[in-house]
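Here is the structure we will look at, set down as structure tokens.
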DNA sequence: ATGGTAGATGCTCTA
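Numbering (this note's numbering), first residue to last: 9 to 272.
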């Protein structure tokens with residue numbers, strides 16, 4: 009199975025880029041974040057024509073939105089929390105029935121958290137921390153097995169996940185309270201397989217701001233997008249690639265796709 | 001220390 013995750017930053021605007029991505033990489037399953045499309049306007053026919061008969065999505069007007077596109081059939085996950093009681097379309101999940109057993113796939117879009125890393129001064133930062141705590145509580149109460157969790161988690165946890173650890177220590181996405189919470193969530197039962205593929209002492213980014221004149225030259229990136237797997241699935245993990253060149257496509261997202269190849 | 005860009009929306013928010 010070739011699994012791909014991408015914060016597409018508007019599905020409707022970047023349908024041509026999605027078509028190019030599918031044509032070049034042939035993913036079996038695509039997890040999208042920031043689709044920015046309300047469910048009644050979801051481009052279902054266009055997505056089916058790309059070769060994905062099985063589609064699950066949750067979107068809203070203007071912001072957020074997640075979608076899972078698949079060549080393989082699945083069952084959508086039900087009975088998940090309405091995270092922070094906001095109904096804000098940041099998570100969906102599905103279960104694939106494979107020959108060796110079921111595999112659960114989660115697609116998350118964690119709140120970005122605004123600019124000020126202080127929960128007293130910034131409601132968005134408080135929301136981000138609360139979301140992480142709630143996710144940690146949920147996965148602690150319901151330990152994951154045969155599960156994959158992907159998405160834009162909006163946190164770069166390791167020193168080499170940002171262009172300058174020192175300069176970003178107090179910048180939302182790399183602050184200690186966020187990193188502690190992301191690690192606590194992961195420790196409910198997941199392995200960071202991107203860092204199995206690329207050693208932790210090597211730089212690894214998936215996002216470069218739009219606000220740089222030359223993103224490649226300045227290379228002020230962050231690893232905000234993640235692929236986690238439970239230990240029982242890690243033996244099936246084969247390889248991972250960050251499609252950095254997609255940042256130079258015509259009208260790019262500020263995030264690039266990440267691919268994982270799995271032996272099932 | 002500051003401001004830089006992008007998308008959806010509709011006279012501004014989120015990232």
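Quick reminder that beta carbons are idealized off the backbone N, C-alpha and C, glycines included.
Exposure of residue i, with buried meaning 16 or more beta-carbon neighbours within 10 Å
i           : result
residue 218 : exposed
residue 89  : exposed
residue 231 : buried
residue 1   : There is simply no residue 1 to check, as the chain begins at 9 and stops at 272 in what is shown.
residue 29  : buried
residue 114 : buried
residue 71  : exposed
residue 208 : exposed
residue 1   : With the chain represented from 9 up to 272, any question about residue 1 goes unanswered, as that position is not in the structure.
residue 46  : exposed
residue 182 : buried
residue 69  : exposed
residue 109 : exposed
residue 66  : buried
residue 136 : buried
residue 255 : buried
Whole-angstrom distance between residue j and residue i, CA atom to CA atom
i           : j           : result
residue 222 : residue 213 : 16 Å
residue 245 : residue 270 : 5 Å
residue 129 : residue 220 : 27 Å
residue 225 : residue 205 : 25 Å
residue 215 : residue 227 : 10 Å
residue 195 : residue 147 : 9 Å
Expected contact under 8 Å - CB spacing of residue i and residue j to nearest Å
i           : j           : result
residue 41  : residue 74  : 6 Å
residue 163 : residue 201 : About 16 Å; that fails the 8 Å criterion.
residue 34  : residue 160 : In fact, because the Cβ distance is near 23 Å, the residues do not count as touching under 8 Å.
Residue from the options whose Cα sits closest to the Cα of residue i
i           : options            : result
residue 187 : 121, 245, 14, 267  : 121
residue 238 : 190, 79, 151       : 151
residue 25  : 271, 251, 268      : 251
residue 92  : 43, 142, 116, 166  : 142
residue 57  : 14, 175, 23, 155   : 23
residue 172 : 159, 210, 194, 136 : 210
residue 9   : 247, 258, 257      : 247
residue 125 : 178, 262, 254      : 178
residue 44  : 34, 37, 17, 55     : 17
residue 180 : 203, 84, 133, 193  : 133
message = Please give the ranges of any alpha helix (DSSP H) in the region 18 to 68, keeping only runs that are unbroken, at least 4 residues long and fully inside the region.
response = 23 to 33, 52 to 57
Review point. Of all the beta strand (DSSP E) runs that stay within the bounds of the region 99 to 170, which reach a length of 3 or more residues?
Key: 99 to 106, 109 to 117, 155 to 160
Beta strand (DSSP E) segments (min. 3 residues) lying fully within the region 191 to 252: 233 to 237, 245 to 250
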